[in-house]
Amino acid sequence: MNSQQILVFKLSSSDGNKLHGALNRDGAWEFRRVDHATFQARGEGVVATLYNSGKLVVQGRGAEGFTVKYLGDAAPVKRAATAASSRESDDGHQEALSAEGEPDVDYAGSDEAGKGDSFGGITVAAVFVPQMKIAELREAGVCDSKQLSDKRVRILAPWIRDNYQTSEQVLSAADYNRAHAAHGSNVNKLLTHLHSKVLGELVNISRPGLLVVDRFGVNLPVSAAMKDCGVPVKEVPRAEECAAVAAASVLARESFILSLASHCLDSGIDLPLGSGAPVKRVLREVKSIHSAEAWPRFCKMHFKNVRIALNS
């Protein structure tokens, strides 16, 4: 078992200055600039980040030793993870995952948005996250985009693009309908293609040690599609618990919202998200304004509710 600890402390301004001075005097620490942080220090198997709020996040195999050496008897306010265990991937590869689900290597994660929406196309995004920047994402409030307001998503997405290596595929409704047909009218085959494309770009750019995908197929299609890329793939349910996948979900959702807004302008109709009750009424409005030939510009044509509305 590999020990991978994440300890969180709350420091006063004075204690933060003392810690910085002690690390600086030791001469064994590499200091880096991090957004929203006073400093980040790396060394001795530890990444220690002191945020402007006074929150100190210490992560790595040497976290306990760091605490004893530099913080004395200070007690952590949170133990985000206490250990890392070696889990076997589906192809037999062993990689370390922390107790809270974070990979123990620099990694990339991907997620999609729009798959269940009657209007608009689909977006897939991937984000590469080095170990030293996981805490930064968490501190910024990055989590599964379904837990965030649209306003918060629009704030976080540009920040993620500015500070992390990313890759995105944005398909309009028209592009989606063509691609869906080209992949045998199989949504999972299309998703496999899009996830493999964005992750493949990050493999070439960032050289991650692992790829994490929010699982959408029981036969692990992305693992099969990327078996020759040289990087192990992990397809797991609720992968948004991992920071990189959560960040990808934020990008994918923002891109989908922006894409749907352009469809609203094109159609002259306020097209809703999802496939719930309002969609039926709006589909009737689409039919009253636009010919059948125009529907693929706004709707996912293989959706049952769309077909019923068009043919009613």
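So for the sequence shown, my numbering puts the first residue at 133; every next one is plus one. Using N, Cα and C, we set each Cβ at its ideal position, and we do this for glycine too.
So for residue i, helix, strand or coil by DSSP?
| i | result |
| --- | --- |
| residue 134 | With a pLDDT of 44 at residue 134, under the threshold of 50, the modelled position of this residue cannot be trusted; read the value that follows with caution. If DSSP states are grouped into helix, strand and coil, residue 134 belongs with the strands. |
| residue 388 | helix |
| residue 196 | helix |
| residue 331 | helix |
| residue 416 | helix |
| residue 432 | coil |
| residue 378 | helix |
| residue 250 | coil |
| residue 143 | coil |
| residue 346 | strand |
| residue 370 | coil |
| residue 164 | strand |
| residue 407 | coil |
| residue 339 | coil |
| residue 441 | helix |
| residue 241 | strand |
| residue 425 | helix |
| residue 316 | coil |
| residue 201 | helix |
| residue 322 | helix |
| residue 176 | coil |
| residue 278 | helix |
| residue 364 | coil |
| residue 152 | helix |
CA-CA distance, residue i and residue j?
| i | j | result |
| --- | --- | --- |
| residue 430 | residue 372 | 28 Å |
| residue 86 | residue 364 | Residue 86 lies beyond the range of the chain shown here (133 to 444); nothing can be said about it. |
| residue 187 | residue 268 | 11 Å |
| residue 193 | residue 143 | 21 Å |
| residue 295 | residue 262 | 11 Å |
| residue 200 | residue 388 | 47 Å |
| residue 289 | residue 386 | 7 Å |
| residue 292 | residue 444 | 44 Å |
| residue 161 | residue 236 | 21 Å |
| residue 208 | residue 174 | 19 Å |
For residue i, which residues from the same chain have a beta carbon less than 7 Å from its beta carbon, with the 5 sequence-adjacent residues on both sides left out?
| i | result |
| --- | --- |
| residue 391 | 252, 253, 255, 302 and 304 |
| residue 434 | 312 and 317 |
| residue 348 | 320 and 323 |
| residue 428 | 305, 306 and 309 |
| residue 380 | 241, 242, 243, 257, 258 and 259 |
As a quick exercise: from the options, pick the residue whose alpha carbon is nearest that of residue i.
| i | options | result |
| --- | --- | --- |
| residue 177 | 235, 190 and 267 | 190 |
| residue 155 | 168, 144 and 180 | 180 |
| residue 203 | 169, 160 and 152 | 152 |
| residue 182 | 158, 140 and 352 | 140 |
| residue 333 | 164, 399 and 260 | 260 |
| residue 382 | 236, 309 and 258 | 258 |
| residue 170 | 194, 266, 296 and 147 | 147 |
| residue 343 | 314, 351, 375 and 245 | 375 |
| residue 335 | 352, 315 and 358 | 358 |
| residue 337 | 238, 150, 277 and 205 | 238 |
| residue 438 | 421, 411, 420 and 195 | 411 |
| residue 384 | 315, 330, 150 and 210 | 330 |
| residue 419 | 399, 408, 328 and 405 | 399 |
| residue 184 | 174, 166, 352 and 198 | 166 |
| residue 264 | 351, 210 and 163 | 163 |
Within 10 angstroms of its Cβ, does residue i collect 16 or more other Cβ (buried), or is it exposed?
| i | result |
| --- | --- |
| residue 271 | buried |
| residue 138 | buried |
| residue 172 | buried |
| residue 248 | exposed |
| residue 425 | exposed |
| residue 168 | exposed |
| residue 421 | exposed |
| residue 234 | buried |
| residue 245 | buried |
Suppose the cutoff is 6 Å on Cβ atoms and the five residues either side in sequence are ignored; what does the same chain contact list for residue i look like?
| i | result |
| --- | --- |
| residue 326 | 256 and 301 |
So, for residue i: in the same chain, excluding its five sequence neighbours on each side, which residues have a beta-carbon less than 8 Å away from its beta-carbon?
| i | result |
| --- | --- |
| residue 362 | 335 |
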